[in-house]
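Quick notes on the structure that follows.
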Amino acid sequence: MVLDMGTLYAVAALASAVAGVLHLIPWLTGRLAPWAAWWGFGHIAVGCSSLMVAIFDVRSIAMPVFIPNILSIIGYAMVLQGVRVFERPQARAAPLMILVAIAAVPLFLSRDPQAFVGRIAYLCAVRACCDLAVAYMAVRMAQRQGLQNSWLMAFLFGATVPLFVGRAWLAATGRIGPTLLGPADDLASWLAASAIAFIVFRGFSLLLLDAERSHRSLADLACHDALTGALNRMGLAQLRQRLDGQVAVMMIDVDRFKALNDVEGHAVGDTALRLLAETGQLVLGSRGSLVRTGGDEFLGVMPRLSHEEARALADAIELRFDQEIGRCTNLSPRPTLSIGLAEGAIADGFERLIAQADQAMYAVKRMRQGNRRAA
226 MVLDMGTLYA VAALASAVAG VLHLIPWLTG RLAPWAAWWG FGHIAVGCSS LMVAIFDVRS
286 IAMPVFIPNI LSIIGYAMVL QGVRVFERPQ ARAAPLMILV AIAAVPLFLS RDPQAFVGRI
346 AYLCAVRACC DLAVAYMAVR MAQRQGLQNS WLMAFLFGAT VPLFVGRAWL AATGRIGPTL
406 LGPADDLASW LAASAIAFIV FRGFSLLLLD AERSHRSLAD LACHDALTGA LNRMGLAQLR
466 QRLDGQVAVM MIDVDRFKAL NDVEGHAVGD TALRLLAETG QLVLGSRGSL VRTGGDEFLG
526 VMPRLSHEEA RALADAIELR FDQEIGRCTN LSPRPTLSIG LAEGAIADGF ERLIAQADQA
586 MYAVKRMRQG NRRAA
């Protein structure tokens, strides 16, 4: 089967240009973050480079041969920087741009039109390195951020690495045809066509990741309390679905919270609630989750912990809150915590455990009120 390489280069150019424009428009209107600018301009640069190759035989025209080659490297580097900024918004561009300048030097110095085979080998090697770096970052995002579409991105960029390496090797060993364009059926042309197929589809891969990240962010907001960052009732419902076996729960209530709001204002009350949430989650760590069930009441859920282990955590939360609350209020007596515990099997009823912890919490509260009256 004979391939029309000129047409394939034109398709790759148009696909890259369209992907670039469709990222730049929402970036210009403020709907996408700066990563879209790097990704968009990078794809436009790659598209322009491919279009120059598709329209002109750069070995026979007056246009300097290094222009499309250097433009291609710049485009690939900008795409790479777009992924870096997407993963870490504070990623600096200067180190990568320095590498681009260094990589462009051999292409700038190579002016002989007949040396195009060597330039093909060099460009394919650079492209393979860039795609390998993108694939590596995609895998890292899948592992660290849990973005499932990152695996698709890793495949689309990783698949072109051996294709570019193979084409570079064929060029270096003199197995590239006498022309870049026109009909061809050799192995190098098929490798180029295969790489173009992946390039056409991967232009929107980062947009898929952004959509997934936005969806997860919205889902996270829906499951967390806006004031304290603790889970809300929707988050508790999702947590409940993952629980099995034994679980310990603690019901936490802030004593004298109403007095704190009445005397010092709701802003101080909100600060106290945030302090409790931060303290509770810090003490629980990976051993449990904190849920704001409403008002000044919180629920701690601790899978596979015994009553004694849960009691130790409850005591640590109460002690730390007592130590820190003085920084928020001058109210005397200061707010304290009443904490009730329950432990049992999820199969026996999660709501029953919560009710038992709630009863235990009110028992602690009544005992403290009785002690204050006796005093």
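The C-terminal position of the sequence shown is numbered 600 in this note's numbering, with every residue numbered one higher than the one before it. Note that beta-carbon positions come from the ideal geometry of N, C-alpha and C, so glycine has one too.
Cα-Cα separation between residue i and residue j, rounded to whole angstroms
i: residue 541; j: residue 504; result: 9 angstroms
i: residue 475; j: residue 365; result: 36 angstroms
i: residue 374; j: residue 526; result: 31 angstroms
i: residue 431; j: residue 323; result: 24 angstroms
i: residue 499; j: residue 349; result: 54 angstroms
i: residue 278; j: residue 449; result: 53 angstroms
i: residue 452; j: residue 495; result: 7 angstroms
i: residue 470; j: residue 574; result: 11 angstroms
i: residue 544; j: residue 466; result: 31 angstroms
i: residue 571; j: residue 377; result: 37 angstroms
i: residue 337; j: residue 343; result: 10 angstroms
i: residue 248; j: residue 310; result: 14 angstroms
i: residue 237; j: residue 439; result: 29 angstroms
i: residue 328; j: residue 320; result: 13 angstroms
i: residue 255; j: residue 433; result: 18 angstroms
i: residue 345; j: residue 260; result: 29 angstroms
i: residue 579; j: residue 472; result: 11 angstroms
i: residue 383; j: residue 393; result: 16 angstroms
i: residue 245; j: residue 513; result: 45 angstroms
i: residue 396; j: residue 292; result: 20 angstroms
i: residue 379; j: residue 308; result: 11 angstroms
i: residue 228; j: residue 447; result: 52 angstroms
i: residue 381; j: residue 334; result: 32 angstroms
i: residue 598; j: residue 548; result: Note that residue 598 has pLDDT 45, beneath the 50 cutoff, so the model's placement of it is unreliable and no number is given.
i: residue 518; j: residue 436; result: 30 angstroms
i: residue 538; j: residue 272; result: 59 angstroms
i: residue 577; j: residue 535; result: 17 angstroms
i: residue 604; j: residue 444; result: Residue 604 cannot be examined here, being either before or after the span of the chain that is shown, 226 to 600.
i: residue 491; j: residue 521; result: 12 angstroms
i: residue 506; j: residue 569; result: 22 angstroms
i: residue 243; j: residue 263; result: 14 angstroms
Span of the alpha helix (DSSP H), counted from its first residue to its last, around residue i
i: residue 545; result: 532 to 549
i: residue 370; result: It is not in any alpha helix (DSSP H) - residue 370 carries neither H nor E in the DSSP assignment.
i: residue 499; result: 491 to 509
i: residue 435; result: 430 to 448
i: residue 276; result: 260 to 280
Close Cβ partners of residue i (< 6 angstroms) along its chain, the five nearest in sequence each way excluded
i: residue 314; result: none
i: residue 563; result: 478, 480, 586, 589, 590
i: residue 385; result: 356, 420, 423
i: residue 312; result: 362, 366
i: residue 233; result: 418, 421
i: residue 425; result: 240
i: residue 275; result: 234, 237, 238
i: residue 270; result: 296, 299, 300
i: residue 251; result: 257
i: residue 391; result: 416
i: residue 265; result: 245, 248, 249
i: residue 530; result: 473
Beta strand (DSSP E) segment containing residue i, residue limits
i: residue 455; result: Unbroken run through residue 455: none, as it is neither H nor E.
i: residue 514; result: 514 to 519
8 angstroms Cβ shell around residue i - same chain, five flanking residues per side excluded
i: residue 516; result: 455, 456, 457, 458, 460, 461, 464, 523, 524, 525, 526
i: residue 371; result: 441
i: residue 582; result: 474, 475, 476, 524, 565, 566, 567
i: residue 400; result: 411, 412, 413
i: residue 468; result: 526, 528, 571, 575
i: residue 298; result: 325, 328, 329, 332, 348, 351
i: residue 316; result: 306, 309, 310
Opposing strand residues paired with residue i [DSSP bridges]
i: residue 475; result: 525, 566
i: residue 480; result: 561
Cβ shell of residue i (< 7 angstroms), same chain only, five flanking positions each side left out
i: residue 550; result: 497, 500, 559, 560
i: residue 553; result: 493, 496, 497, 500
i: residue 485; result: 493, 494, 497, 554, 556, 560
i: residue 305; result: 321, 355, 358, 359
i: residue 600; result: Its pLDDT being 39, under 50, residue 600 is placed unreliably by the model, and nothing is read from it.
i: residue 174; result: Residue 174 falls outside the range modelled here, since the chain spans only 226 to 600, and no answer is possible.
i: residue 294; result: 332, 344, 348
Length-filtered (4 minimum) alpha helix (DSSP H) runs lying within the stretch 295 to 362: DSSP runs (the alpha helix (DSSP H)) wholly in the stretch 295 to 362: 319 to 334.
Suppose only complete runs of 4+ residues qualify. What are the alpha helix (DSSP H) ranges in the stretch 372 to 399, listed by chain order? You should have 374 to 383, 385 to 397.
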